[in-house]
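Chains as they are written, first to last, in my numbering: chain L, 1 to 178; chain U, 1 to 341.
Have a look at the structure below, then the notes.
Below you can see the structure in the form of structure tokens.
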């Protein structure tokens with residue numbers, strides 16, 4: 001009986017079993033891991049962040065003629081704005097501290113954001129940041145809301161001097177995950 | 001009996017094998033990472049759930065819902081809970097993300113009977129080819145109060161749950177805003193305030209009547225005698241006691257229920273006087289008898305309520321308008337399905 005004495009065949013078999021086990025465990029590991037669904041998961045996470053950014057601006061933009069909230073409306077901040085932007089580094093324009101605090105409360109802790117005000121007047125387009133918390137990351141999302149200031153509204157001296165009523169200001173919230 | 005293996009170089013060596021598997025793994029990982037969607041058919045359902053949870057959150061936060069019964073239909077399902085055909089918590093279509101407290105309370109009321117859960121879930125569009133389960137939570141940001149009775153919802157399964165959070169405003173209903181500094185001229189002030197219901201229809205009041213008093217000059221007391229200082233009248237001439245504190249009317253100071261009916265208020269305090277619908281009187285024909293409500297404070301705390309019976313219209317007064325009161329909150333939704341587990 002030469003088969004019993006021949007150990008070579010058995011080693012090939014064990015090698016085959018070990019190889020197939022490694023292959024199967026690798027397949028299992030990959031199928032279970034999140035790396036596979038990265039493209040879709042990321043889209044879904046981005047969607048949720050966009051939804052939050054959009055919700056935050058919608059919630060802030062309430063009409064003070066028909067409602068009241070402990071959180072001041074977006075229009076009050078735009079109306080009281082002094083017209084100056086943050087040009088270097090991070091920071092919050094004076095008078096925007098409560099707004100900054102309100103947005104921070106609404107968004108999750110691991111989300112950072114910047115806020116822009118954009119408008120047109122005789123000198124052309126003005127676009128700049130009024131709340132800056134950093135440089136937006138690769139997967140940032142942007143949500144915007146238009147605020148209209150009318151002549152009879154209580155506005156800052158900046159808007160009075162600007163004197164182009166009704167003045168439409170675009171408020172842009174840029175959010176990204178830390 | 002020759003053990004030939006050790007001397008046989010023809011077999012596969014370990015280095016060879018490791019190298020082969022290494023090349024295979026690198027190629028496999030490369031392909032798996034850079035071709036998106038290659039294994040998606042093998043995913044049990046996480047991707048499917050994320051669109052379902054978004055859809056459900058949009059229905060709840062942006063849609064006022066619907067009821068339908070024969071030829072009668074509309075969005076006021078909270079008043080027609082037996083004819084509920086779609087659950088939505090928004091005030092109306094024009095105000096997305098503003099949730100109605102009345103609808104939240106109605107939802108809690110329906111789910112007080114746990115066997116209604118299945119029909120509520122179906123009315124959120126979560127029963128089609130796949131049966132999903134859901135739980136909802138609405139928390140106020142400032143106080144952390146949970147508005148949904150979460151014990152009546154199922155708790156999420158341990159695996160494969162998809163969740164979403166929506167930032168919302170909770171509309172606690174309309175209140176009559178009495179700004180005590182609206183007319184800062186002291187000679188025009190009075191110790192008492194009168195709200196009238198002259199424009200009320202004969203339909204009975206179904207909701208609480210809330211009068212919000214704020215912005216006083218200095219420190220004042222509302223209801224200084226602590227008894228018989230909230231009164232009602234049918235003609236604006238003779239006033240009688242409204243009823244029992246804690247049963248017919250309540251005070252909230254800065255949102256907190258007051259155990260006493262005597263309240264001190266300074267310029268930063270907000271006092272809400274809540275009158276329950278059952279405290280309003282009707283005659284046998286269903287006509288409104290309670291035409292005036294008087295609130296008495298100390299000193300000169302209210303705007304120009306002249307003695308000659310001048311009063312403010314509860315429904316639509318330019319000086320004391322009705323406004324909806326919004327509180328910021330977070331709505332959290334979890335969706336899962338045992339069919340996809």
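Ideal placement from N, C-alpha and C gives every residue a C-beta, glycine not left out.
In this text the structure is predicted, and so the values were computed from the model without any measurement.
Within-9 Å CB hit, residue i to chain L
{"i": "residue 165 (chain U)", "result": "yes"}
{"i": "residue 24 (chain U)", "result": "yes"}
{"i": "residue 288 (chain U)", "result": "no"}
{"i": "residue 323 (chain U)", "result": "yes"}
{"i": "residue 267 (chain U)", "result": "no"}
{"i": "residue 142 (chain U)", "result": "yes"}
{"i": "residue 96 (chain U)", "result": "yes"}
{"i": "residue 101 (chain U)", "result": "no"}
{"i": "residue 292 (chain U)", "result": "no"}
{"i": "residue 247 (chain U)", "result": "no"}
{"i": "residue 32 (chain U)", "result": "yes"}
{"i": "residue 122 (chain U)", "result": "no"}
{"i": "residue 315 (chain U)", "result": "no"}
{"i": "residue 136 (chain U)", "result": "no"}
{"i": "residue 176 (chain U)", "result": "no"}
{"i": "residue 61 (chain U)", "result": "yes"}
Whole-Å CB distance - residue i paired with residue j, under 8 Å assumed
{"i": "residue 265 (chain U)", "j": "residue 213 (chain U)", "result": "7 Å"}
{"i": "residue 243 (chain U)", "j": "residue 249 (chain U)", "result": "7 Å"}
{"i": "residue 91 (chain L)", "j": "residue 158 (chain L)", "result": "Not really, about 19 Å apart at Cβ, beyond 8 Å."}
{"i": "residue 294 (chain U)", "j": "residue 239 (chain U)", "result": "5 Å"}
{"i": "residue 263 (chain U)", "j": "residue 271 (chain U)", "result": "6 Å"}
{"i": "residue 110 (chain L)", "j": "residue 177 (chain L)", "result": "6 Å"}
Proximity below 9 Å, CB of residue i to CB of residue j
{"i": "residue 334 (chain U)", "j": "residue 134 (chain U)", "result": "yes"}
{"i": "residue 194 (chain U)", "j": "residue 312 (chain U)", "result": "yes"}
{"i": "residue 314 (chain U)", "j": "residue 177 (chain U)", "result": "no"}
{"i": "residue 156 (chain L)", "j": "residue 80 (chain L)", "result": "yes"}
{"i": "residue 49 (chain L)", "j": "residue 60 (chain L)", "result": "no"}
{"i": "residue 106 (chain L)", "j": "residue 56 (chain L)", "result": "yes"}
{"i": "residue 209 (chain U)", "j": "residue 332 (chain U)", "result": "no"}
{"i": "residue 211 (chain U)", "j": "residue 147 (chain U)", "result": "no"}
{"i": "residue 183 (chain L)", "j": "residue 140 (chain L)", "result": "Lying outside 1 to 178, the shown extent of chain L, residue 183 (chain L) is not represented and no answer is given."}
{"i": "residue 297 (chain U)", "j": "residue 223 (chain U)", "result": "yes"}
{"i": "residue 54 (chain U)", "j": "residue 47 (chain L)", "result": "yes"}
{"i": "residue 227 (chain U)", "j": "residue 301 (chain U)", "result": "no"}
{"i": "residue 303 (chain U)", "j": "residue 179 (chain U)", "result": "yes"}
{"i": "residue 74 (chain U)", "j": "residue 204 (chain U)", "result": "no"}
Neighbourhood of residue i by C-beta, 7 Å cutoff - its chain only, sequence neighbours within 5 removed
{"i": "residue 114 (chain L)", "result": "129, 131, 132, 133, 136, 174"}
{"i": "residue 68 (chain U)", "result": "83, 85"}
{"i": "residue 72 (chain L)", "result": "98"}
{"i": "residue 207 (chain U)", "result": "173, 277"}
{"i": "residue 101 (chain U)", "result": "170, 171, 172, 173"}
9 Å Cβ cutoff, residue i in contact with chain U
{"i": "residue 106 (chain L)", "result": "yes"}
{"i": "residue 44 (chain L)", "result": "yes"}
{"i": "residue 176 (chain L)", "result": "no"}
{"i": "residue 139 (chain L)", "result": "no"}
{"i": "residue 68 (chain L)", "result": "yes"}
{"i": "residue 55 (chain L)", "result": "yes"}
{"i": "residue 58 (chain L)", "result": "yes"}
{"i": "residue 30 (chain L)", "result": "yes"}
{"i": "residue 131 (chain L)", "result": "no"}
{"i": "residue 126 (chain L)", "result": "no"}
{"i": "residue 147 (chain L)", "result": "no"}
{"i": "residue 180 (chain L)", "result": "Since the first residue of chain L shown is 1 and the last is 178, residue 180 (chain L) is not available in this structure."}
{"i": "residue 152 (chain L)", "result": "no"}
{"i": "residue 102 (chain L)", "result": "yes"}
{"i": "residue 97 (chain L)", "result": "no"}
{"i": "residue 23 (chain L)", "result": "yes"}
{"i": "residue 142 (chain L)", "result": "no"}
Neighbourhood of residue i by C-beta distance below 8 Å, restricted to the same chain and skipping five residues each side
{"i": "residue 155 (chain U)", "result": "135"}
{"i": "residue 87 (chain U)", "result": "59, 60, 65, 77, 107, 120, 123, 124"}
{"i": "residue 108 (chain L)", "result": "52"}
{"i": "residue 117 (chain U)", "result": "111, 152, 153, 154"}
{"i": "residue 166 (chain L)", "result": "148, 149, 150, 151"}
{"i": "residue 69 (chain L)", "result": "62"}
{"i": "residue 278 (chain U)", "result": "248"}
{"i": "residue 78 (chain L)", "result": "117, 147, 149, 169, 171"}
Same chain, Cβ closer than 6 Å to residue i, neighbours up to 5 away in sequence not counted
{"i": "residue 324 (chain U)", "result": "171, 174"}
{"i": "residue 150 (chain U)", "result": "137"}
{"i": "residue 57 (chain U)", "result": "164, 166, 333"}
{"i": "residue 64 (chain L)", "result": "73"}
{"i": "residue 130 (chain U)", "result": "337, 339"}
{"i": "residue 232 (chain U)", "result": "242, 290, 293"}
{"i": "residue 99 (chain U)", "result": "89, 168, 170"}
{"i": "residue 350 (chain U)", "result": "There is no way to answer for residue 350 (chain U), as the model of chain U reaches only from 1 to 341."}
Near the ligand HEM: residue i beta-carbon under 8 Å from a heavy atom
{"i": "residue 123 (chain U)", "result": "Although the ligand HEM was asked about, the structure shown includes no ligands whatsoever."}
Going residue by residue through the region 44 to 112 of chain U, where are the continuous alpha helix (DSSP H) segments of at least 4 residues, counting only ones entirely within it? Positions of the alpha helix (DSSP H) runs, each at least 4 residues long and wholly inside the region 44 to 112 of chain U, are given as 46 to 62, 101 to 111 in order along the chain.
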